[in-house]
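Following: one structure in structure tokens, then a few remarks.
Protein chains in written order, with my numbering: chain A, 314 to 389; chain B, 21 to 178.
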């Protein structure tokens, strides 16, 4: 998936990935896509929950060796 | 209107402080407005680490000597073992790149979490405003807490 920016959260535990995601998304324009790299398994549940709560669109979570790639579209 | 979260931080242990700051940082990251009320032993978390805590009267002096507080001095609620357990937990946290209480305080503040110190406990224990870190927004009582909590969606006592 193509992203406008990438955020590296490898090695970080909850709540840091969502805290960094919230900050990073502020720098993006509405409609742009943020890619988040993370390896804390909680991210699989937390990112969808974060998106629901903040009104941003979760485009997908790709699972691969060593971690996850999460794609979020800034929606407002 | 922004959704509100209030946390009453009654405990002064490191592990409980971590839990409180995790929730606070998570909630502000989700666009919620977060207020942390530090009361009783919880005041230890927001005491400054440097210098001594001045108070009047022999009992309060003794209390503030034994209960010095400060984010770097918080014990573990379990397996503290005169500091050995805390040292080991600190090492595990650093190895896991998990932030310390100090760093969590800074992150919470940058994200806009409000810190309130309870004046009632301060009065009983004889702790003055000067004992606290400058990040504390205000000094207030139970009415301030309840005014926030009654509009809160999530209200926790830690």
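Don't be surprised by glycine CBs; every beta carbon is placed ideally from N, CA and C.
Tell me whether residue i is buried or exposed, calling it buried when 16 or more other Cβ atoms sit within 10 Å of its Cβ.
| i | result |
| --- | --- |
| residue 108 of chain B | exposed |
| residue 347 of chain A | buried |
| residue 55 of chain B | buried |
| residue 154 of chain B | exposed |
| residue 85 of chain B | exposed |
| residue 184 of chain B | No answer is possible for residue 184 of chain B: the residues shown for chain B start at 21 and end at 178. |
| residue 72 of chain B | exposed |
| residue 142 of chain B | buried |
| residue 343 of chain A | exposed |
| residue 37 of chain B | buried |
| residue 103 of chain B | exposed |
Under the assumption that residue i contacts residue j (Cβ atoms under 8 Å), give the Cβ distance between them as a whole number of angstroms.
| i | j | result |
| --- | --- | --- |
| residue 51 of chain B | residue 366 of chain A | 7 Å |
| residue 383 of chain A | residue 331 of chain A | The Cβ separation is near 10 Å, so there is no contact. |
| residue 165 of chain B | residue 57 of chain B | 5 Å |
| residue 168 of chain B | residue 24 of chain B | 6 Å |
| residue 385 of chain A | residue 352 of chain A | With 8 Å as the limit, residue 385 of chain A and residue 352 of chain A do not qualify as a contact, their Cβ atoms being about 17 Å apart. |
| residue 65 of chain B | residue 91 of chain B | 6 Å |
| residue 83 of chain B | residue 21 of chain B | About 41 Å; that fails the 8 Å criterion. |
Quick one: what does DSSP say residue i is sitting in, helix, strand or coil?
| i | result |
| --- | --- |
| residue 136 of chain B | strand |
| residue 56 of chain B | strand |
| residue 343 of chain A | coil |
| residue 327 of chain A | coil |
| residue 373 of chain A | strand |
| residue 175 of chain B | strand |
| residue 153 of chain B | coil |
| residue 320 of chain A | strand |
| residue 385 of chain A | strand |
| residue 349 of chain A | strand |
| residue 47 of chain B | helix |
| residue 104 of chain B | helix |
| residue 166 of chain B | helix |
| residue 112 of chain B | helix |
| residue 159 of chain B | strand |
Taking the C-alpha atoms as reference points, what is the distance between residue i and residue j?
| i | j | result |
| --- | --- | --- |
| residue 59 of chain B | residue 87 of chain B | 14 Å |
| residue 120 of chain B | residue 135 of chain B | 18 Å |
| residue 387 of chain A | residue 355 of chain A | 21 Å |
| residue 157 of chain B | residue 148 of chain B | 15 Å |
| residue 358 of chain A | residue 77 of chain B | 53 Å |
| residue 178 of chain B | residue 375 of chain A | 36 Å |
| residue 140 of chain B | residue 361 of chain A | 41 Å |
| residue 44 of chain B | residue 152 of chain B | 20 Å |
| residue 163 of chain B | residue 33 of chain B | 25 Å |
| residue 138 of chain B | residue 329 of chain A | 28 Å |
| residue 159 of chain B | residue 378 of chain A | 50 Å |
| residue 46 of chain B | residue 81 of chain B | 37 Å |
| residue 28 of chain B | residue 176 of chain B | 6 Å |
| residue 128 of chain B | residue 40 of chain B | 10 Å |
Please list the partners that residue i has in chain B, where partner means a Cβ-to-Cβ separation under 7 Å.
| i | result |
| --- | --- |
| residue 324 of chain A | 117 |
| residue 335 of chain A | 49 |
| residue 318 of chain A | Within 7 Å Cβ-Cβ: nothing; residue 318 of chain A doesn't reach chain B, min ~17 Å. |
| residue 378 of chain A | Neighbours of residue 378 of chain A on chain B: none; closest Cβ ~20 Å, over 7 Å. |
Whose Cβ in chain B lies nearer than 9 Å to the Cβ of residue i?
| i | result |
| --- | --- |
| residue 349 of chain A | What residue 349 of chain A touches in chain B: nothing, since even the nearest Cβ is about 13 Å away. |
Check the Cβ of residue i against every Cβ in chain A and list those closer than 7 Å, keeping chain order.
| i | result |
| --- | --- |
| residue 127 of chain B | 332 |
Find the residues of chain A that neighbour residue i, judging by a C-beta separation of less than 9 Å, and give them in chain order.
| i | result |
| --- | --- |
| residue 45 of chain B | 328, 329, 331, 332 |
| residue 131 of chain B | 332, 335, 336 |
Which residues of chain A have a Cβ atom closer than 8 Å to the Cβ of residue i, listed in chain order?
| i | result |
| --- | --- |
| residue 42 of chain B | 327, 328 |
Using 7 Å as the cut-off, classify the Cβ of residue i as near or not near the heavy atoms of the ligand NAD, replying yes or no.
| i | result |
| --- | --- |
| residue 48 of chain B | Looking at this structure, you won't find the ligand NAD or any other ligand, since it has none at all. |
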